[in-house]
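Read in the numbering used here, the sequence shown has 457 at position 230, and its numbers run on one by one without any break.
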Amino acid sequence: MQIEISGSSALQTKCDALILGRCQEEPFDEVLNELDRLLEGGLSRLPEQELKGTRYSITSLTPMGQLPARRIVLVGLGARQEIDAHTLLQATAVGVRELKGKGYATLATNLHTLRAKPEDARPVVEGALMALFETSTYQKEPISNPEALILTDSDAKKIGSLVEQGQKVGEAVNLARSLVNEPANRLTPTALAEHAQQVAQRAGLNLLVLDEDEMFKLGMGCLLAVARGSQERAKLIVLSHRPNLEAPFQLGLVGKGITFDTGGISLKPRDGLERLKGDMAGAAAVIAAMQAIGQLKLPLNVIGVAPAVENMPDGNAYRPGDVLYAMNGKTVEIISTDAEGRLILADALTYTAQQGAERIVDVATLTGAVGIALGPYAIGAMTNNAELLQQVREAGEQVGERIWELPLWEEYKNLIKSSIADLKNAAGSPTAGSIVGGVFLREFVEGKPWVHLDIAATASVGDHQPGLAQGPSGVPVRTLVRLAERMRG
Ligand code: BES
Ligand code: ZN
Ligand code: ZN
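Structure, rendered in structure tokens:
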């Protein structure tokens, strides 16, 4: 979708459909008063319930030629004092979603009626783009999306670069969602590496893809063990954005890329197994965030690493009881072959640390338990460095992706003590499932400041995101981009 900026007044904008904001429990603002006048009372005549402005509610109007728009959608913004950047993103998404697929080619909205300041142009554009994403890729008649959104504001000149940023970030979020939506028969580790190649080209990044021989030489015994039961060869995807060749990577992003998780020999039950095509949502978020970081030309060095592996059971598969050598020399006893994410991340984290990343953030659909702890409303975070976590949390706060810490106290290490190896990959009892994952990963970051984000429960769109199609959420692409922006310089 093309985004155009215009200084024209909200109601006179030439468009097919117009999205306006409506605050809760407030009299009509001047735009709504003018609209009511043009419609000869057609607005004020509506029952009170239609005009309440409850957050994300929709009231649809059909003007009869009194203004250019053929359809007007009033989106409820809720109470004025609670409107933040995230409310605006969601509200715009709700409005666009109401209008998409109905034949309206050009949409328009106005920042002022959304109660948005000029600096909120970015989340408004992000929301509009995110609303357009559809999961119906493989259906005969794909939904026809609007072609353009006109953003009107009296400060039109000021918002140009914000709109551009919003476009890049919104597209990155949708890239992550489309990768997660791809089925595992099409999105193999090799195919994911090919997508990364396109991303690198688009965003001016450097791409390195390690194959199994190269990973073997580096000693990545944990990652390679997970790959053994699959016909698909594992890949380590490494994207780098390095505007300053003299400086080290200030930030390393690592994403779990299990293209399908059967559980391996510790086979998962059959119900809902189709959802496990999305077990590469962490890798998708990292690859997509790297695209935005490159396109925004952020002035810091970032390395993005995505181990891509399929977890299948066959005669060659790794087993419970096996002992593996990780790249950092630690030995790992396998308790469950379904705790495979932490194994591929272990070697990818060591690799990233050894590439010189000064701080590391990993993103993974690691444990079902994180949804038991926090539900679909927050990402579970674990860290060895309170300051870095604070940065990540604030970045998340700014973009409306909530992040909540789970502790990694020393006692939790007892849960991964093995009698035969240095560590075991699972506790073997359903105790502190997400924390056990974090405590395990901490052993592989070479002491670098690190944050682990468990997105198993937030990688899909929840009931609190009314403007988005059900399916992959693109979490936490916007947090990662914002984090890199905060670290710049
Ligand atoms: N990929 C799963 C976690 C998951 C489950 C994500 C369902 C999304 C939906 C992960 O590899 C896994 O299987 N974790 C186990 C860990 C256990 C074996 C220690 C889990 O959560 O049960
Ligand atoms: Zn698993
Ligand atoms: Zn998994």
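Note that the Cβ used here is the ideal one computed from N, Cα and C, for glycine as well.
- If you look at R705, you'll find it in the alpha helix (DSSP H) that goes V704 to M714.
- Comparing alpha-carbon positions, the option among E560, L494, N555 and V352 lying closest to L642 turns out to be E560.
- Per DSSP, reduced to three states, the secondary structure at Q229 is strand.
- In terms of CA proximity to A452, A566 leads the group E628, A566 and R342.
- In terms of side-chain proximity, the C-beta atom of D506 is found nearer than 7 Å to a non-hydrogen atom of ligand 1.
- When secondary structure is reduced to three states using DSSP, C250 falls in the strand class.
- Counting only beta-carbon distances shorter than 5 Å to the non-hydrogen atoms of ligand 1, the qualifying residues in chain order are D488, D506, S563, D565, A566, G568, T592, T594, G595, A653 and A683.
- Cβ neighbours of I310 within its own chain (closer than 6 Å, five residues either side excluded): L304 and R342.
- Taking a C-beta distance under 8 Å as the contact criterion, I299 and L316 do not qualify as a contact pair.
- Burial check for Y331: the Cβ neighbour count within 10 Å reaches 16 or more, so the residue is buried.
- Contact check for G568 against I485 passes: the beta carbons are separated by less than 8 Å.
- In this structure, S661 lies away from G602, with their beta-carbon atoms at least 8 Å apart.
- Annotation: R264 to A296 spans about 15 Å, alpha carbon to alpha carbon.
- The DSSP-derived three-state label of M539 is coil.
- For D589, the enclosing beta strand (DSSP E) has its first and last residue at I587 to A591.
- Shortest gap from the CB of I662 to any heavy atom of ligand 3: 7 Å or more.
- For the 8 Å CB-CB criterion, S687 and P699 form a contact.
- Around the C-beta of S284, 16 or more other C-beta atoms lie within 10 Å, and the residue is accordingly described as buried.
- For E560, the three-state secondary structure derived from DSSP is strand.
- Going by beta carbons, V536 and I682 fall outside the 8 Å limit.
- Judged by their CB atoms, T592 and D506 are nearer to each other than the 8 Å cut-off.
- With fewer than 16 other CB atoms across the displayed protein chains lying within 10 angstroms of its CB, G234 is exposed.
- The DSSP-derived three-state label of I386 is helix.
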